[in-house]
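Novice: Read left to right, the sequence shown gives residues 1 to 423 (UniProt numbering).
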Amino acid sequence: MNPYKESMLRLVAYAGLPQYGTSERIELPPPNTPEAVYFHSTETPEWKAHIASLPFEERYRASVRRRLSTRMWASAQSNLCLWCWFPKDMCFCSKMEEYREQISSQQRTSEVDVTMVLHVGEVMRGTNSGHIAAFILGAPIRVWGVKEDDLYLQTLADTSADPATTTDVINFDVNINNNNNDEDNIHEEDNDYNNRPFTISLYPEPGALFLEDFVRDLPRRKKVHLLLSDGTWGQATSLNRHIPRSIPRVALSVDGTYTSLFKALRKRTRETGVSTLEATAMAVEQCLRGLDDSNDEIATRTISVLTSVMKDFVDLRCLLKYQDVCFTDCVEDVAELVERRDAGRRVASLGRLRELHKRVENDKEVRHLLLPPVLNYCYACDTPVLWHRMVEHVLGKKHQKSLKENPLFIPSEGSRFCSCLRW
Numbered sequence: 001m002n003p004y005k006e007s008m009l010r011l012v013a014y015a016g017l018p019q020y021g022t023s024e025r026i027e028l029p030p031p032n033t034p035e036a037v038y039f040h041s042t043e044t045p046e047w048k049a050h051i052a053s054l055p056f057e058e059r060y061r062a063s064v065r066r067r068l069s070t071r072m073w074a075s076a077q078s079n080l081c082l083w084c085w086f087p088k089d090m091c092f093c094s095k096m097e098e099y100r101e102q103i104s105s106q107q108r109t110s111e112v113d114v115t116m117v118l119h120v121g122e123v124m125r126g127t128n129s130g131h132i133a134a135f136i137l138g139a140p141i142r143v144w145g146v147k148e149d150d151l152y153l154q155t156l157a158d159t160s161a162d163p164a165t166t167t168d169v170i171n172f173d174v175n176i177n178n179n180n181n182d183e184d185n186i187h188e189e190d191n192d193y194n195n196r197p198f199t200i201s202l203y204p205e206p207g208a209l210f211l212e213d214f215v216r217d218l219p220r221r222k223k224v225h226l227l228l229s230d231g232t233w234g235q236a237t238s239l240n241r242h243i244p245r246s247i248p249r250v251a252l253s254v255d256g257t258y259t260s261l262f263k264a265l266r267k268r269t270r271e272t273g274v275s276t277l278e279a280t281a282m283a284v285e286q287c288l289r290g291l292d293d294s295n296d297e298i299a300t301r302t303i304s305v306l307t308s309v310m311k312d313f314v315d316l317r318c319l320l321k322y323q324d325v326c327f328t329d330c331v332e333d334v335a336e337l338v339e340r341r342d343a344g345r346r347v348a349s350l351g352r353l354r355e356l357h358k359r360v361e362n363d364k365e366v367r368h369l370l371l372p373p374v375l376n377y378c379y380a381c382d383t384p385v386l387w388h389r390m391v392e393h394v395l396g397k398k399h400q401k402s403l404k405e406n407p408l409f410i411p412s413e414g415s416r417f418c419s420c421l422r423w
């Protein structure tokens, strides 16, 4: 299975929703189970009592678990796909699988391993792009604040070292071999050391070397493990503090004239700031080129595939926000997506109405909240108004003008024979 999907299944199980991502019906944990408290609001007495009962050092992890549980439950209720995070009627998975096939398994298991380190606030977020790169590259994701993931990041500190230190170790091994002391064991340890990936973290802090220059100077290394922090700049800063300091920090070489492909979705807050998906594409390309000049073909194909999926992702998100597409030129493809979007919205709207009517039938308190039919007609303007547009209507210039002419809302003769709109 795709390591990304394995990570998502692990997270939903941790969140208490193991049915999410399967064909089974998704249900909340029973109220008497330990997992149920993580679906409470922060203001409930149950949650406050639970937090107060925990040691201070465990409270942040409990808070992360609650945010993860409530976010996963909200996503399931919104009918979002667990893998692509789009509404299921606009699922992007088949398109991503096509792009994933364009990067052969040999290329995905080349000299660069990628791990996405997410802030919990980015999980299932609509504009998040890091999970798209993880899906395509088959990269696992880790969430800061999940105990298993925190321990994993701590273990990475043992597999990374400063390049100068690495050179000293190798030279020391060679000197011992010249003395013929435990030669076989030393060779075995040296081979194991050189076969382990060298872990680096992408974060442009002061003093960080450029990624391509850094990996080019790595001695006798065949593989690099690249950690990518996924979040806003503030969240990424928190993640950077959490990643062990023994892991070297590197920075991307980004041309100042580069225009982000995500400018239609997110405002660029830094001159060289790019989305996580763009950063991943650039990082993998620069890493491959820095490790070996013969990797040019693999690097070119990888950046091409990730750029294509970026454009499709942005266009689909724009359509869901009722914006014009930025990259797709095919009118037929856009029309098909618009039709799917509108059909899905209609189905979702009808579903909400059915659920509302069901609650109205069974709950007297809800029935008291129903808007009276008179609110569906504006007697000042002498026109019917949809109930959900009434606030917008009364704030409009036309209503203000009509209000001066008919301040007492005297019904006209025509209004007596007009059928009020009902929901």
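Glycine included, C-beta positions come from ideal geometry on N, C-alpha and C.
Under DSSP, the beta strand (DSSP E) around Met116 begins and ends at which residues?
Specialist: Its beta strand (DSSP E) spans residues 112-118.
Novice: Extract the residue ranges of the beta strand (DSSP E) inside the segment 207-279, only unbroken runs of 3 or more that lie entirely within it.
Specialist: Listed in chain order, the complete beta strand (DSSP E) runs (minimum 3 residues) inside the segment 207-279 are 224-230, 249-251.
Novice: Are Thr302 and Val284 closer than 9 Å when you measure CB to CB?
Specialist: Against a cut-off of 9 Å, the Cβ pair of Val284 and Thr302 comes out as a contact.
Novice: In the structure shown, what three-state DSSP assignment does Ile298 receive?
Specialist: Ile298 falls in the helix class under three-state DSSP.
Novice: Rank Tyr379, Met390, Phe210, Met282 by C-alpha distance to the C-alpha of Val114 and give the top, closest one.
Specialist: When each option's Cα is compared against that of Val114, the closest is Met282.
Novice: When DSSP builds the beta bridges, which residues end up paired with Cys378?
Specialist: Paired residues: Thr383.
Novice: For Phe56, list the residues DSSP reports as bridge partners.
Specialist: According to DSSP, Phe56 bridges with nothing at all.
Novice: Quick check on Ile136: does DSSP put it in helix, strand or coil?
Specialist: Helix, per DSSP.
Novice: Taking 7 Å as the limit between beta carbons, can you name the residues of its chain near Cys326, skipping five residues before and five after?
Specialist: Cβ neighbours of Cys326 beyond the five flanking positions: Ala264, Val314, Asp315, Cys318.
Novice: Under a three-way DSSP split, which group does Asn179 fall into?
Specialist: Note that Asn179 scores 48 on pLDDT, short of 50, meaning its location in the model is unreliable and no value can be drawn from it.
Novice: Locate the beta strand (DSSP E) running through Val143, then write down its first and last residues.
Specialist: From DSSP, the beta strand (DSSP E) with Val143 extends over 141-143.
Novice: If you follow the alpha helix (DSSP H) that Thr155 is part of, which residue opens it and which one closes it?
Specialist: Here the alpha helix (DSSP H) through Thr155 covers 147-156.
Novice: On the DSSP bridge assignment, give the partners of Thr199 in chain order.
Specialist: For Thr199, which the question treats as bridged, DSSP gives the partners His225.
Novice: Taking 9 Å as the threshold (C-beta atoms), are Tyr4 and Pro140 in contact?
Specialist: Yes; because the gap between Cβ atoms is below 9 Å, this pair is in contact.
Novice: How many angstroms separate the CA atom of Arg249 from the CA atom of Gly207?
Specialist: Approximately 8 Å, taken between the alpha carbons.
Novice: Would you call the segment 72-92 in contact with the segment 123-140, where contact means no fewer than 3 C-beta pairs closer than 8 Å?
Specialist: Touching, per the Cβ criterion.
Novice: Assuming Leu252 and Ala279 are in contact, meaning their beta carbons sit under 8 Å apart, how far apart are those beta carbons, in whole angstroms?
Specialist: Sure, about 6 Å apart at Cβ, within 8 Å.
Novice: According to DSSP, which residues form a beta bridge with Leu408?
Specialist: None, per the DSSP bridge assignment.
Novice: Less than 9 Å separating the beta-carbons of Asn376 and Met390?
Specialist: Taking 9 Å as the Cβ cut-off, Asn376 and Met390 qualify as a contacting pair.
Novice: Assign Gln19 to one of two classes, buried (16 or more other C-beta atoms within 10 Å of its C-beta) or exposed (fewer than that).
Specialist: Classification of Gln19: exposed, given that the 10 Å Cβ count is below 16.
Novice: Taking DSSP's pairing of strands, which residues face Leu80 in a bridge?
Specialist: In DSSP, Leu80 forms a bridge with Pro87.
Novice: Below 8 Å on the Cβ atoms is my contact criterion, and I expect Leu291 with Val215 to pass it. Report the Cβ-Cβ distance as a whole number of Å.
Specialist: Leu291 to Val215, Cβ: 5 Å. Contact.
Novice: Hey, would you say Gly16 sits closer than 9 Å to Ser69, going by beta carbons?
Specialist: Yes, the pair counts as a contact, with Cβ atoms nearer than the cut-off.
Novice: On a Cα-Cα basis, can you pick out the residue from Ala380, Pro411, Leu408 that is closest to Lys397?
Specialist: Of the candidates Ala380, Pro411, Leu408, the one whose C-alpha sits nearest the C-alpha of Lys397 is Ala380.
Novice: Can you give the Cα-Cα distance for Arg422 and Tyr60, rounded to whole angstroms?
Specialist: Bear in mind that a pLDDT of 44 at Arg422, under 50, signals an unreliable position, so the model cannot answer this.
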